[in-house]
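Enquirer: Let me give you the structure first, and then I'll get to my questions.
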Amino acid sequence: MHADTHTSGRPPRLTVVGTGYLGATHAVCMATLGYQVLGVDVDAAKVEALVDGRVPFHEPGLPQALDEALASGRLDFTTDFARAADFGDIHFLCVGTPQQPGSHAADLRFVDDAAAQLAARITRPALIVGKSTVPVGTAARLRELVRTLSPAGEGLELAWNPEFLREGFAVQDTLRPDRLVFGVASAHAEQALRQVYDPLLEEGTPLIVADLPTSELVKVAANSFLATKISYINAMAEVCEAVDADVGVLARALALDERIGGRFLRPGLGFGGGCLPKDIRAFQHRAQEIGAGEAVRFLDDVDAINARRRTRTVDMVRDLAGGELLGTRVAALGAAFKPNSDDVRDSPALDVARRLQLEGADVVVYDPEAAENAHRVHPDLPLAASLSEALDGSHVTVLLTEWEEFQAAQPEALGALVSRRRVLDARHALDGDRYLEAGWEYRTLGRPVTAGVGSPRGRSEPGPGEQEQLLPTAPAPSAQAAPLRL
Numbered sequence: 020m021h022a023d024t025h026t027s028g029r030p031p032r033l034t035v036v037g038t039g040y041l042g043a044t045h046a047v048c049m050a051t052l053g054y055q056v057l058g059v060d061v062d063a064a065k066v067e068a069l070v071d072g073r074v075p076f077h078e079p080g081l082p083q084a085l086d087e088a089l090a091s092g093r094l095d096f097t098t099d100f101a102r103a104a105d106f107g108d109i110h111f112l113c114v115g116t117p118q119q120p121g122s123h124a125a126d127l128r129f130v131d132d133a134a135a136q137l138a139a140r141i142t143r144p145a146l147i148v149g150k151s152t153v154p155v156g157t158a159a160r161l162r163e164l165v166r167t168l169s170p171a172g173e174g175l176e177l178a179w180n181p182e183f184l185r186e187g188f189a190v191q192d193t194l195r196p197d198r199l200v201f202g203v204a205s206a207h208a209e210q211a212l213r214q215v216y217d218p219l220l221e222e223g224t225p226l227i228v229a230d231l232p233t234s235e236l237v238k239v240a241a242n243s244f245l246a247t248k249i250s251y252i253n254a255m256a257e258v259c260e261a262v263d264a265d266v267g268v269l270a271r272a273l274a275l276d277e278r279i280g281g282r283f284l285r286p287g288l289g290f291g292g293g294c295l296p297k298d299i300r301a302f303q304h305r306a307q308e309i310g311a312g313e314a315v316r317f318l319d320d321v322d323a324i325n326a327r328r329r330t331r332t333v334d335m336v337r338d339l340a341g342g343e344l345l346g347t348r349v350a351a352l353g354a355a356f357k358p359n360s361d362d363v364r365d366s367p368a369l370d371v372a373r374r375l376q377l378e379g380a381d382v383v384v385y386d387p388e389a390a391e392n393a394h395r396v397h398p399d400l401p402l403a404a405s406l407s408e409a410l411d412g413s414h415v416t417v418l419l420t421e422w423e424e425f426q427a428a429q430p431e432a433l434g435a436l437v438s439r440r441r442v443l444d445a446r447h448a449l450d451g452d453r454y455l456e457a458g459w460e461y462r463t464l465g466r467p468v469t470a471g472v473g474s475p476r477g478r479s480e481p482g483p484g485e486q487e488q489l490l491p492t493a494p495a496p497s498a499q500a501a502p503l504r505l
C-alpha cells in the first residue's frame, strides 16, 4: 500500500479531528498507509498520551501501529486548530455523537463545534470529511455552515465517509474494510476521497459513491439491521424457553440458509456499547422529525427485546441461587460490552452485575481489560484482579463477556475454586458438556434445562432436588453466507 499523489504534486496531508476510539485509529492507519497525518483534540491529556505512544483505550494492534507511525515521523498530535487548518488538505471529523441526556436524539454539539472551529481557520481550498455517525441531513447542514464560516468560502467542500469499525478489530477494519462509502456533493470531493483511499481501492475494496443523505443513512441502517438480527434471535430464545425448544439448534439451522447467514445470529445477553443502542434510538428520533417514524417503529421492539435479555439473565442467576440473591456470592465474568475491548458504555455485562448487586448479591466482577473503566462507572462494585480471585468461594458464576480467557478455562480447575458449581452462560460461549461432565449445574438462555450437546437429553450428577441441566453452547455454524456487499 502507498499514499497517492495530491494535485499539488505531493500526497495530500490529512488531519483527524477527534482522537478518541475512531479518530485515533483512523489517524494511525492513515499514517500507516504513508500519509502525513496530524491528529487534533481539545483534550490536552489525550494528545499528550498519544504523542508519548500511549493509546488511552484497549484496541488490539493499535499500540504497535501507533509506535511505528510516530517513529516514521508521519504522525503527530496537537490541540491547535489553527495549526491543523494550515497543515491539512483533507480534514476528517471523528468526534463523538452521544445520546442527548433525557432524549433519544443524537447530541451534535461536538460535531458542530469541531466543524466550526476548523472551518473558521481554513483559508484555502480544502475538504472536510465527516466520519462520525450522524442523523440524516446533518452533512448538508454542515456543508453550508463551514462554507459560511471559512475564509475559503465555496473553496471549502464537505463530504461524508461513514466508518464501519468493530471494536477489537478496528485496525483490520480500517486497512481492509468490507466496503468504502463516499457521500459527496461534487466531483472534486469524490476525486479527493479516491486519492486518499487509493491504496485500499487498488486492493479491490468495493466502493459505493452516494449523495450526502444516502451515505449518512448507510451507517445507521447497517447498525439498525445488525441490532435487529441480534434481537431477532434473542426473541426466538424467548419463544424456545416457552416451549422447551433449543435456540442453539434453531440458530444453526437458520445460519445454513444463505439468505440469512450466521453472523450476528448468536443468542445471548444482547448488544451494548457506544454505537448500536444510541444509534437505533437516534434513528427513531430523526425518523419522527422527518415524518418517517412509522417506518422504523419496529426498532422500539428491537430495543425492548435487548433490554429484556438483561432482566432474564438476572432472573436466571436468581433461579440458580435458589430463588434468593441476598447474601449469594456471584462471580460476574466480564464488564466490557464485548471481548477485546475495555469499553463499558451501555455494557450489558456491567448492567447485569450492578442489578445483581442491587438485589443484595455479593458480586465480584473480573474483566481482563475493562476493570478500570468499570470502576469509574460503578466505584462501589467489587473488582477482582484475576479469574481465580473472582471465583473464590462463589455460589453462582455468570459469564457476561465472552473473553477467550473464560472460554479456555478448565471446568474442573474452576470447580475447585467455587463453593457451588453453578454457572450461567449468558453468551452461549462455553462448552457446556465439559461443565456438565465436571459436575457443574450449567444453564444458558433459550435452551431446555434438561438438554445436553450431542444428545436430546443430558444430565450431570444429580444434586439436591435433581436440578436438571440446560443445553450448553453449540459450535459456531459450519457454513455461513458470504457478507452482504452494498
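Under the numbering used here, the sequence shown has 179 at position 160, and the numbering climbs by one with no breaks.
For glycine and all other residues, C-beta sits at the position ideal for the given N, C-alpha and C.
(1) According to DSSP, is V506 helix, strand or coil?
(2) Cα-Cα, which of V200, V239, A351 and A241 is closest to Q376?
(3) Tell me whether V442 sits in a helix, a strand or coil according to DSSP, three-state version.
(4) Less than 6 Å between C-beta atoms, sequence neighbours within five positions excluded: which residues of the same chain meet that for D381?
(5) Using DSSP with H/G/I as helix, E/B as strand and the rest coil, what is A63?
(6) To the nearest angstrom, how far is the alpha carbon of G28 from that of P387?
(7) Here's the rule: buried if 16 or more other CB atoms are within 10 angstroms of the residue's CB, otherwise exposed. What is Q55?
(8) Out of curiosity, what's the CA-to-CA distance linking G477 and Y454?
(9) How big is the Cα-Cα spacing for W459 and R282?
(10) Within the same chain, show all residues whose beta-carbon is closer than 6 Å to that of R162, passing over the 5 residues directly before and after it, in chain order.
(11) Taking 8 Å as the threshold, find out whether the region 142-149 comes into contact with the region 102-112 through three or more Cβ pairs.
(12) On the DSSP bridge list, what partners appear for Q118?
(13) What are the boundary residues of the beta strand (DSSP E) that includes Y461?
(14) Between L212, K65 and D338, which lies nearest to T463 when the distance is taken from Cα to Cα?
(15) Our contact map puts R285 next to A270 with C-beta atoms below 8 Å; I'd like the distance itself, whole angstroms only.
(16) Roughly how many angstroms lie between the CA atoms of L418 and L369, to the nearest whole one?
(17) Could you tell me the alpha carbon to alpha carbon distance between A211 and V165, rounded to whole angstroms?
(18) Taking 7 Å as the line, does the beta carbon of V336 fall inside it for any heavy atom of the ligand FAD?
(19) Check the DSSP bridge columns for A340 and list the partner residues they point to.
(20) Let me make sure I understand the geometry here. Which of A90, D132, H123 and E343 has the alpha-carbon closest to that of P154?
(21) Per DSSP, which one or two residues make a beta bridge with E176?
(22) What is the DSSP secondary structure of T34, counted as helix, strand or coil?
(23) Between the alpha carbons of D60 and G92, how many angstroms are there, rounded?
(24) Are E186 and D362 closer than 8 Å when you measure CB to CB?
(25) Output the distance between the C-alpha atoms of A264 and N392, rounded to the nearest integer angstrom.
(26) Using only CA atoms, which one of L57, M335, A43 and G37 lies nearest to P31?
(27) Within the continuous beta strand (DSSP E) that includes Y385, where are the two ends?
(28) Is the beta carbon of T98 less than 8 Å from the beta carbon of V66?
(29) Quick check for students: name the residue ranges of the alpha helix (DSSP H) that lie wholly in the region 233-301, counting only runs of 4 or more.
(30) How far does the beta strand (DSSP E) with D370 in it reach, from first residue to last?
(31) Taking all protein chains shown into account, decide if S438 is buried (16 or more other Cβ within 10 angstroms of its Cβ) or exposed.
(32) According to DSSP, is P397 helix, strand or coil?
(33) Out of L449, A432 and E87, which has the shortest C-alpha to C-alpha gap to E423?
(34) Where do the N-terminal and C-terminal ends of the beta strand (DSSP E) with V200 fall, by residue?
(35) Please list the terminal residues of the continuous beta strand (DSSP E) segment that includes D95.
(36) What does a CB cutoff of less than 8 Å around L236 pick up in its chain, not counting 5 residues either side in sequence?
Expert: To lay it out plainly:
(1) Given that the chain is displayed from residue 20 to residue 505, the structure contains no residue 506 and the question cannot be resolved.
(2) The count along the sequence shown starts at 1 and reaches residue 376 at position 357. Ranking V200, V239, A351 and A241 by Cα distance to Q376 puts A351 first.
(3) Locating residue 442 in the sequence shown gives position 423, where the first residue counts as 1. Looking at V442 - three-state DSSP - the assignment turns out to be strand.
(4) On the sequence shown, position 362 is the one that residue 381 refers to. R348.
(5) Translated into the one-based positions of the sequence shown, residue 63 becomes position 44. In this structure, A63 counts as helix in the three-state DSSP scheme.
(6) In the sequence shown, counting from the first residue as 1, residue 28 sits at position 9. In the sequence shown, counting from the first residue as 1, residue 387 sits at position 368. Cα to Cα, G28 sits roughly 48 Å from P387.
(7) Against the sequence shown, residue 55 aligns to sequence position 36. With 16 or more Cβ atoms within 10 Å of its Cβ, Q55 is classed as buried.
(8) The residue given as residue 477 occupies position 458 in the sequence shown. The residue given as residue 454 occupies position 435 in the sequence shown. Residue placement at G477 cannot be trusted, given a pLDDT of 31 that sits under 50; what the coordinates show is reported in the next sentence. Cα-Cα distance, rounded: 12 Å.
(9) Here the question's residue 459 lines up with position 440 in the sequence shown. Here the question's residue 282 lines up with position 263 in the sequence shown. C-alpha separation (whole angstroms): 29 Å.
(10) Translated into positions along the sequence shown, residue 162 becomes position 143. Closer than 6 Å at Cβ, skipping near neighbours: L177.
(11) yes
(12) Locating residue 118 in the sequence shown gives position 99, where the first residue counts as 1. Per DSSP, A125.
(13) The count along the sequence shown starts at 1 and reaches residue 461 at position 442. Counting along the chain, the beta strand (DSSP E) containing Y461 begins and ends at E460 to T463.
(14) The residue given as residue 463 occupies position 444 in the sequence shown. Nearest of L212, K65 and D338 to T463, Cα basis: D338.
(15) What you label residue 285 is simply residue 266 of the sequence shown in a count that begins at 1. What you label residue 270 is simply residue 251 of the sequence shown in a count that begins at 1. That pair is a contact at about 7 Å.
(16) Within the sequence shown, residue 418 is the residue found at index 399, counting from 1. Within the sequence shown, residue 369 is the residue found at index 350, counting from 1. Distance between the alpha carbons of L418 and L369: 11 Å.
(17) The residue you call residue 211 lines up with position 192 of the sequence shown. The residue you call residue 165 lines up with position 146 of the sequence shown. Roughly 18 Å between the two C-alpha positions.
(18) Inclusion of the ligand FAD in the displayed structure is not the case, the ligand content being empty and no account of it being possible.
(19) Against the sequence shown, residue 340 aligns to sequence position 321. Bridge partners of A340: none, in fact.
(20) For the purposes of this step, residue 154 is taken as residue 135 along the sequence shown, with counting starting at 1. It is H123.
(21) Translated into the one-based positions of the sequence shown, residue 176 becomes position 157. Bridge partners of E176: L146.
(22) The residue you call residue 34 lines up with position 15 of the sequence shown. Strand.
(23) In the sequence shown, counting from the first residue as 1, residue 60 sits at position 41. In the sequence shown, counting from the first residue as 1, residue 92 sits at position 73. In a straight line, the C-alpha of D60 is about 19 Å away from that of G92.
(24) Residue 186 sits at position 167 when you count from the first residue of the sequence shown. Residue 362 sits at position 343 when you count from the first residue of the sequence shown. Result yes, Cβ atoms of E186 and D362 sit closer than 8 Å.
(25) The residue given as residue 264 occupies position 245 in the sequence shown. The residue given as residue 392 occupies position 373 in the sequence shown. The straight-line gap from Cα to Cα measures roughly 38 Å.
(26) Position 12 of the sequence shown, counted from the start, is the residue given in the question as residue 31. Answer by Cα proximity: L57.
(27) The residue you call residue 385 lines up with position 366 of the sequence shown. First-last of the beta strand (DSSP E) with Y385: D381 to Y385.
(28) The residue labelled residue 98 in the question sits at position 79 within the sequence shown. The residue labelled residue 66 in the question sits at position 47 within the sequence shown. Yes, the pair counts as a contact, with Cβ atoms nearer than the cut-off.
(29) 266-274
(30) As a first step, residue 370 is located in the sequence shown; it is residue number 351 there, counting from the start. No beta strand (DSSP E) holds D370; the alpha helix (DSSP H) holding it covers P367 to L377.
(31) As a working mapping, residue 438 is identified with position 419 in the sequence shown. Counting Cβ neighbours within 10 Å, S438 comes out exposed, since fewer than 16 surround it.
(32) Stepping through the sequence shown from its first residue, residue 397 is reached at position 378. The displayed chain sequence assigns His, not Pro, to residue 397. Looking at H397 - three-state DSSP - the assignment turns out to be coil, as it is neither helix nor strand.
(33) Sequence index remark: in the sequence shown, residue 423 carries index 404 (1-based). Nearest option by C-alpha distance: L449.
(34) Taking the sequence shown and counting its residues from 1, the one referred to as residue 200 is at position 181. First-last of the beta strand (DSSP E) with V200: L199 to G202.
(35) Here residue 95 refers to the residue found at position 76 when the sequence shown is read from its first residue. Taken as a continuous stretch (DSSP letters only), the beta strand (DSSP E) holding D95 covers L94 to T97.
(36) For the purposes of this step, residue 236 is identified with residue 217 of the sequence shown, where counting begins at 1. V155, listed in sequence order.
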